[in-house]
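Asks: Taken in order, the sequence shown gives residues 1 to 317; the numbers are from the numbering used here.
No residue lacks a Cβ here, since even glycine has one placed at the ideal position from N, Cα and C.
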Amino acid sequence: MGLYIGIDTSCYTTSAACVGPAGILVDLRKLLEVSSGERGLRQSDGVFQHVRNLAVLLPELLQDIDKTSIQGICVSAQPRPAADSYMPVFAAGILTARTLAAAFNVPLIESSHQQGHIRAALYGNEPLQSQSFLGLHISGGTTEIVGVEPSLKIRRLGGTGDLHAGQFVDRVGVTLGLRFPAGKELEQLAGHAVKRDIKLPASVDGLTCSFSGVETRAQSLLGCAPNDEIAYAVYDCMARTFAKMIQNASAAWDGDGAPHVLLAGGVASSALLRSLLVHRLKDSDVKLFFANPKLSSDNAVGTALIAMDLLNGSSLN
């Protein structure tokens with residue numbers, strides 16, 4: 001069946017991976033460097049760091065695999081599978097992938113960052129691949145609820161009208177003095193909260209949510225409430241927001257039976273958020289599926305799996 005390489009260059013991470021009959025053979029990632037106190041990078045700085053990181057990651061990947069077995073390469077060429085979806089950071093990955101494909105004389109597939117996230121989340125949840133399901137993609141650059149077809153065709157149903165969930169987390173976290181990206185440290189801080197009385201407003205209108213106003217509200221609590229309680233309130237707010245969106249999407253579901261919902265993206269790796277969502281939806285007919293936490297954050301495993309799916313006509317179990 002051969003080996004398949006994936007490359008992803010997002011706003012946060014440089015990633016390269018290889019999959020094959022034995023599963024995930026190589027999964028390499030390097031976070032982009034962000035100065036203390038900053039909440040992200042300019043696209044030009046991101047492109048530069050990706051080029052530098054790929055020059056290190058790809059030789060490491062290639063030395064660990066049988067290069068004669070490479071059958072195809074897939075790269076994230078855009079944020080979402082939409083004609084108007086574009087970010088310069090993905091150019092670094094595209095150039096590298098095209099060069100590798102030409103050098104090894106193998107097919108190149110250009111996919112999207114979002115499809116890579118969802119395919120990575122399907123690793124271990126492969127039975128979902130044969131049916132339609134709802135996907136909740138929550139990260140620093142995307143907050144969307146989507147319909148997913150067996151071919152990995154994605155249809156946007158709703159999402160944020162302003163800030164993404166990851167931006168909400170990072171802005172509050174950085175203000176609290178945490179490092180960017182702030183998700184892991186903010187979740188750890190939230191775990192220390194003894195009192196959990198703060199309720200930030202959850203703003204949901206149908207399948208559209210908003211985090212701009214609630215971020216302002218959270219910032220106003222700084223210095224007036226313990227940091228750990230503010231951190232917990234952020235996750236509680238996201239859980240209530242996403243539970244309501246899932247319930248609204250479920251009510252409009254036109255498939256057979258209750259919908260299955262797959263959560264993907266870096267924010268979805270949070271154990272605290274997962275537990276809060278499960279609790280809030282425990283009495284509903286919705287069935288939640290979660291990605292392996294290691295495959296929730298930005299990675300190239302999903303793109304490598306897409307290459308294998310399309311070029312080999314099968315998937316890993």
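Could you give the DSSP three-state label for E149: helix, strand or coil?
Replies: It is coil, neither helix nor strand.
Asks: Roughly how many whole angstroms lie between the Cα atoms of T160 and I24?
Replies: Looking at the two C-alpha atoms, the distance is approximately 33 Å.
Asks: What separation, rounded to the nearest whole angstrom, lies between the Cα atoms of G183 and T216?
Replies: Taking the straight line joining both Cα atoms gives about 18 Å.
Asks: Is the stretch 102-115 touching the stretch 76-90 in the sense that three or more CB pairs, one from each, lie closer than 8 Å?
Replies: Contact between the stretch 76-90 and the stretch 102-115 is present, because at least three Cβ pairs lie under 8 Å.
Asks: For the beta strand (DSSP E) that A16 lies in, which residues bound it at each end?
Replies: Where A16 is concerned, the enclosing beta strand (DSSP E) stretches over T13 to G20.
Asks: By DSSP, does G158 sit in helix, in strand, or in coil?
Replies: It is a strand residue.
Asks: Specify, as a first and last residue, the run of the alpha helix (DSSP H) that Q318 falls within.
Replies: The requested residue 318 does not occur in the structure, where the chain is confined to residues 1 to 317.
Asks: Helix, strand or coil: how does DSSP classify I246 here?
Replies: Here I246 sits in helix by DSSP.
Asks: With distance defined between alpha-carbon atoms, name the residue in R29, Q129, G177 and S132 nearest to E38.
Replies: Of the listed residues, the one whose Cα sits closest to E38 is G177.
Asks: Select from T175, Q78, T241 and R280 the residue whose C-alpha is nearest the C-alpha of L221.
Replies: It is T175.
Asks: Please report whether the beta-carbon of T160 lies at a distance below 8 Å from any beta-carbon of chain D.
Replies: Of the chains in the structure shown, none is chain D; there is only one protein chain.
Asks: Near P226, which residues of its chain fall below 8 Å by C-beta distance, leaving aside the five closest residues on each side in sequence?
Replies: Correct list, in chain order: A193 and K195.
Asks: To the nearest whole angstrom, what separates the beta carbons of L41 and L32, a pair I think is in contact under 8 Å?
Replies: Between L32 and L41 the Cβ distance is about 6 Å, and since that is below 8 Å, they are a contact.
Asks: Kindly give me the distance between the Cβ atoms of A91 and V56, rounded to whole angstroms, as I take these residues to be in contact under 8 Å.
Replies: Incorrect: roughly 19 Å between the Cβ atoms, too far for contact.
Asks: Do A202 and K244 have their beta-carbon atoms positioned less than 8 Å apart in this structure?
Replies: Yes, Cβ-Cβ distance for K244 and A202 is below 8 Å.
Asks: Counting pairs of Cβ atoms below 8 Å between the stretch 67-77 and the stretch 95-109, do you hit three or more?
Replies: Flag = yes, the stretch 67-77 and the stretch 95-109 touch.
Asks: I think D8 touches D298, with their Cβ atoms under 8 Å apart; what is that distance to the nearest whole Å?
Replies: About 6 Å; that satisfies the 8 Å criterion.
Asks: May I have a chain-ordered list of the alpha helix (DSSP H) segments no shorter than 4 residues that lie completely inside the stretch 229-299?
Replies: Fully enclosed alpha helix (DSSP H) runs of 4 or longer: 271-280.
Asks: Answer with buried or exposed for Q167, where buried requires no fewer than 16 other C-beta atoms within 10 angstroms of its C-beta.
Replies: Counting Cβ neighbours within 10 Å, Q167 comes out buried, since at least 16 surround it.
Asks: Identify whether E60 lies in helix, strand or coil by the three-state DSSP scheme.
Replies: Reduced to three states, the DSSP call for E60 is helix.
Asks: For L3, name the three-state secondary structure that DSSP assigns.
Replies: Residue state, collapsed to three classes: strand.
Asks: Buried or exposed: where does T142 fall if 16 or more other Cβ atoms within 10 Å of its Cβ makes it buried?
Replies: So T142 counts as buried.
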